[in-house]
Amino acid sequence: MFRYTKGTLVREILMWGAAVIMLLPFYLLVNTALKTSADAIGTPAFQPATNPTLNSFIEIFQSGGSGNIFVGLFNSIVITGGSVIGLIVFGSACAYVLTRRLSRLSTTLYYLVLVGIVVPAQLGLVPLYIGARAIGLLGSPIGMAVIYTAMLMPLAVFLYGGFVRALPTEYEEAATIDGASPFRTYVQVVFPLLAPATGTISIMTGIIVWNDFFTPLIFLNGSTAATLPVVVYSYVGSLVTNWNNIFAVLIVALIPITVLYLIMQKRFIQGFSGGLKS
0 MFRYTKGTLV
10 REILMWGAAV
20 IMLLPFYLLV
30 NTALKTSADA
40 IGTPAFQPAT
50 NPTLNSFIEI
60 FQSGGSGNIF
70 VGLFNSIVIT
80 GGSVIGLIVF
90 GSACAYVLTR
100 RLSRLSTTLY
110 YLVLVGIVVP
120 AQLGLVPLYI
130 GARAIGLLGS
140 PIGMAVIYTA
150 MLMPLAVFLY
160 GGFVRALPTE
170 YEEAATIDGA
180 SPFRTYVQVV
190 FPLLAPATGT
200 ISIMTGIIVW
210 NDFFTPLIFL
220 NGSTAATLPV
230 VVYSYVGSLV
240 TNWNNIFAVL
250 IVALIPITVL
260 YLIMQKRFIQ
270 GFSGGLKS
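Take 0 as the starting number for the sequence shown in numbering that gives the first Met the number 0 and just add one per residue.
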């Protein structure tokens, strides 16, 4: 029988306290977005909006130029989606080849790829910028997706490599006996078994790309391909007093990545809790 003890009360208090701390930023976000410009400046942040209004959302959707949220939303979706797809396709294939081919060369190449995880991305920005400019990748969402795919490939190969090593080779041997080519074996047998890793990589890299501000600011500077973080920055620069508009943009930016997490959360949890179940 369950007994309500002092320990249970303490745990409940701690859990409720943690929940309040976690929800406070969301309260501030929504509360400020529903205020008028004057209330957002002249009232305390925690004070509820006296006259809630959606004018801030209307204003950000009607704005143009560098603050055009439709352009920022479209570009962020294209760049994030393209990057995640590229990492799933090429990262899984690269990890499969490098981990299944047991040779000194493949092992060396695998660890060389993993070096990219520990090397700060900022160290390679200058040569990456020069190379991207030389081949015409600057200023376009597709080019930005290619750049992100290259930058995050070591992380994808590392995560996929761990899962490929955990897969029993009997599946591939059975497919080979049935006459399947190596490519068909990978596509129809191996890749479906990597679903937990795919969910984990989709969420992790998607959040990294979606929230990144510095890289698109450098590689998309002066173009119309601004992402949502850059759009938020344009509001901070030109409408620094209109905090309600800034928080409204942040709410819009949260929606797509939250939807992605809700869709992929089962795979994400499986990816961190053990992956393939025998």
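Each residue gets a CB set at the ideal place from its N, CA and C atoms; glycine is no exception.
- In this structure, valine 77 lies near alanine 144, with their beta-carbon atoms less than 8 Å apart.
- Inside the segment 93 to 135, DSSP marks whole alpha helix (DSSP H) runs of 4 or more residues at positions 103 to 117, 124 to 133, from first to last along the chain.
- Going by DSSP, leucine 216 is part of the alpha helix (DSSP H) stretching over 213 to 218.
- Rounded to the nearest angstrom, the gap between the Cα atoms of leucine 122 and methionine 150 is 12 Å.
- For valine 112, the CB contacts under 6 Å within the same chain, skipping 5 residues up- and downstream, are Pro153, Val156 in chain order.
- Between threonine 197 and isoleucine 87, the C-beta spacing is below 8 Å.
- Per DSSP, lysine 5 is one residue of the alpha helix (DSSP H) stretching across 5 to 32.
- Taking tryptophan 209 as reference, the option from Thr226, Phe218, Ala194 with the minimal CA-CA separation is Thr226.
- Between the beta-carbon of asparagine 74 and that of alanine 224 there is about 5 Å, and that keeps the pair under the 8 Å contact cut.
- Here proline 43 carries a coil assignment [DSSP, helix/strand/coil].
- Across the set Val114, Val9, Tyr3, Val189, the C-alpha of Val189 shows the shortest separation from the C-alpha of glutamate 171.
- By the neighbour-count definition (other C-beta atoms within 10 Å, threshold 16), valine 163 is a buried residue.
- With a 10 Å radius around the Cβ and a threshold of 16 neighbouring Cβ atoms, glycine 135 comes out exposed.
- Separation of glutamine 264 and glycine 178 (C-alpha to C-alpha, rounded to the nearest whole angstrom) is 36 Å.
- Put simply, the backbone Cα of valine 251 is about 43 Å away from that of proline 167.
- The C-beta separation of threonine 148 from serine 82 comes to about 5 Å, placing the pair in contact by the 8 Å criterion.
- Glycine 178 carries a coil assignment under DSSP once its states are collapsed to helix, strand and coil.
- With respect to leucine 28, phenylalanine 213 sits apart: the two C-beta atoms are not nearer than 8 Å.
- For aspartate 211, the closest alpha carbon among the candidates Pro195, Tyr232, Thr199, Ala194 is that of Tyr232.
- Closest in alpha carbon position to valine 125, among Arg183, Leu108, Ile146, is Ile146.
- Rounded to the nearest whole angstrom, the CA to CA distance from leucine 216 to phenylalanine 69 is 18 Å.
- Our two residues, isoleucine 59 and glycine 41, have alpha carbons roughly 21 Å apart in a direct line.
- When the five nearest sequence neighbours on each side are left out, the beta carbons in the same chain lying within less than 7 Å of the beta carbon of serine 139 are those of Ala224, in order along the chain.
- A straight line joining the alpha-carbon of isoleucine 176 with that of proline 191 spans about 19 Å.
- In the displayed model, leucine 166 falls within coil according to three-state DSSP, outside both helix and strand.
- Within the same chain, Cβ atoms closer than 6 Å to the Cβ of cysteine 93 are found at Val156, the five residues on either side in sequence being excluded.
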